[in-house]
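Student:
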Amino acid sequence: MTHLKIIEQATDEFSITGQNGNTGADDSGIIFYDDVTKVHVMPDRESFTIQVLTPDVAVEMDFPDADRVRDALGLFETKKVSEVSPEVPNSVRITPLESEEQAIQK
Numbered sequence: 553m554t555h556l557k558i559i560e561q562a563t564d565e566f567s568i569t570g571q572n573g574n575t576g577a578d579d580s581g582i583i584f585y586d587d588v589t590k591v592h593v594m595p596d597r598e599s600f601t602i603q604v605l606t607p608d609v610a611v612e613m614d615f616p617d618a619d620r621v622r623d624a625l626g627l628f629e630t631k632k633v634s635e636v637s638p639e640v641p642n643s644v645r646i647t648p649l650e651s652e653e654q655a656i657q658k
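If you count the sequence shown from 1, you need to add 552 to reach this note's numbering.
(1) Exposed or buried, residue 584, counting other C-beta atoms within 10 Å across all chains shown (16 or more means buried)?
(2) Using 8 Å as the threshold, is the region 555 to 566 in touch with the region 623 to 638, meaning 3 or more CB pairs across them?
(3) Under 8 Å, do residue 593 and residue 602 count as touching if we go by C-beta distance?
(4) Where does the unbroken alpha helix (DSSP H) through residue 621 begin, and where does it stop?
(5) Quick check on the DSSP output: the beta strand (DSSP E) that includes residue 605 runs from which residue to which?
(6) Mind checking who residue 571 pairs with in its DSSP beta bridge?
(7) From the DSSP output, read off the bridge partner residues of residue 590.
(8) Nearest CA to the CA of residue 595: which residue from 575, 581 and 617?
(9) Taking the straight line between their C-alpha atoms, what separation do you get for residue 661 and residue 613?
(10) Keeping to the same chain, check which residues put their C-beta closer than 8 Å to that of residue 608; ignore five residues upstream and five downstream.
(11) For residue 563, which residues from the same chain have a beta carbon less than 7 Å from its beta carbon, with the 5 sequence-adjacent residues on both sides left out?
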């Protein structure tokens, strides 16, 4: 599942480490809280996934149960998450999104 590093004071950004959804390779990056355009929860049969969207990237983080999802959402809302990393393989997925401009250029 997903490991969140928590800090006492709110921050402007959090780092992510996970698997690139396009290539399958290890990937990492920085997400600025102000760049987040949408956050939603996608229930699965055995777990829950929080998806965080920015104009450039989609991050999916798996959690084992609804209580942990609620806790995580509260921590993201108060900007107290400073790091996101996988506890098990493929529990954090980072998928770069193609901008409209990039799509037009193809």
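The beta-carbon is built from N, C-alpha and C at its ideal position, and this holds for glycine as well. Note that the structure is a prediction, hence the values are computed from the model and not measured.
Tutor: Inspection of the coordinates gives the following:
(1) Its Cβ having fewer than 16 others within 10 Å, residue 584 is exposed.
(2) Cβ pair count under 8 Å is three or more, so yes.
(3) For residue 593 and residue 602, yes; Cβs fall inside 8 Å.
(4) Start and end: 618 to 629.
(5) Residue 605 -> beta strand (DSSP E) spans 600 to 605.
(6) According to DSSP, residue 571 bridges with 578 and 645.
(7) Looking at the DSSP assignment, residue 590 forms a beta bridge with 605.
(8) Its Cα nearest to that of residue 595, the residue 617 stands out among 575, 581 and 617.
(9) There is simply no residue 661 to check, as the chain begins at 553 and stops at 658 in what is shown.
(10) Shown here for residue 608: same chain residues with a beta carbon closer than 8 Å to its own, the five before and five after excluded, namely 587, 648, 649 and 651 in chain order.
(11) If we look at residue 563 and ignore the five residues flanking it on each side, its Cβ neighbours are 631 and 634.
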